[in-house]
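Accompanying notes for the structure given below.
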Amino acid sequence: MEKEVKHAKTSGFAVGTTTYTVTDDLSITPSSSVSTVTLLAQCGIKDLSTLQYRTVKIGKEEALEILLASLKSKTVLTDVFLPKKKVRCKKETAA
Numbered sequence: 000m001e002k003e004v005k006h007a008k009t010s011g012f013a014v015g016t017t018t019y020t021v022t023d024d025l026s027i028t029p030s031s032s033v034s035t036v037t038l039l040a041q042c043g044i045k046d047l048s049t050l051q052y053r054t055v056k057i058g059k060e061e062a063l064e065i066l067l068a069s070l071k072s073k074t075v076l077t078d079v080f081l082p083k084k085k086v087r088c089k090k091e092t093a094a
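Residue numbering for the sequence shown follows numbering that gives the first Met the number 0, starting at 0 and increasing by one per position.
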């Protein structure tokens, strides 16, 4: 529900700079240290050194890939932005 703020010069949900967290299932929440710690706990992450920081640019092609992946998967961002490992059979590696 959008709450109107009379003293604000713009309309919308956020005024000024706001940071959000987008999870793999495309849930969007405002970023805060509490929400980040909660998310890490929900994912079972105990060793912070296993985490990677990634900045991605989303253009038309990536947006279409996200849309397609969202219809097929619960791990949308992983499927679109992380490199897929090619599995080779033993016959290929021996050649």
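Using N, Cα and C, we set each Cβ at its ideal position, and we do this for glycine too.
Legend entry - Same chain only: Cβ atoms within 8 Å of Thr35, ignoring 5 sequence neighbours per side: Contacts found: Thr20.
Inset, instruction - Return the chain-ordered list of same chain residues with a C-beta closer than 6 Å to the C-beta of Gly43, the five sequence neighbours on each side being excluded. - result: In its own chain, leaving out the 5 sequence neighbours on each side, no residue places its CB closer than 6 Å to the CB of Gly43.
Legend entry - Contact set for Glu3: own chain, Cβ-Cβ below 7 Å, skip 5 residues either direction: Low local confidence applies: a pLDDT of 48 at Glu3 is under 50, so the model's placement there is unreliable, and no value is given.
Legend entry - Alpha-carbon spacing of Leu50 relative to Leu39, whole angstroms: Straight-line Cα distance between these residues: approximately 10 Å.
Inset, instruction - Give the secondary structure of Tyr19 by DSSP, where H, G and I count as helix, E and B as strand, and everything else as coil. - result: Three-state DSSP puts Tyr19 in a strand.
Legend entry - DSSP state of Ile57 mapped onto helix, strand, coil: Three-state DSSP puts Ile57 in coil, outside helix and strand.
Legend entry - Three-way DSSP call (helix, strand, coil) for Thr49 in this model: In the structure shown, Thr49 sits in a helix (DSSP, three-state: H, G or I).
Inset, instruction - Report the rounded CA-to-CA distance for Pro82 versus Leu76, giving the unit in angstroms. - result: Distance between the alpha carbons of Pro82 and Leu76: 11 Å.
Legend entry - Nearest residue (CA-CA) to Phe80, options Lys71, Lys73, Val55 and Leu63: Looking from the CA of Phe80, the closest CA among Lys71, Lys73, Val55 and Leu63 belongs to Val55.
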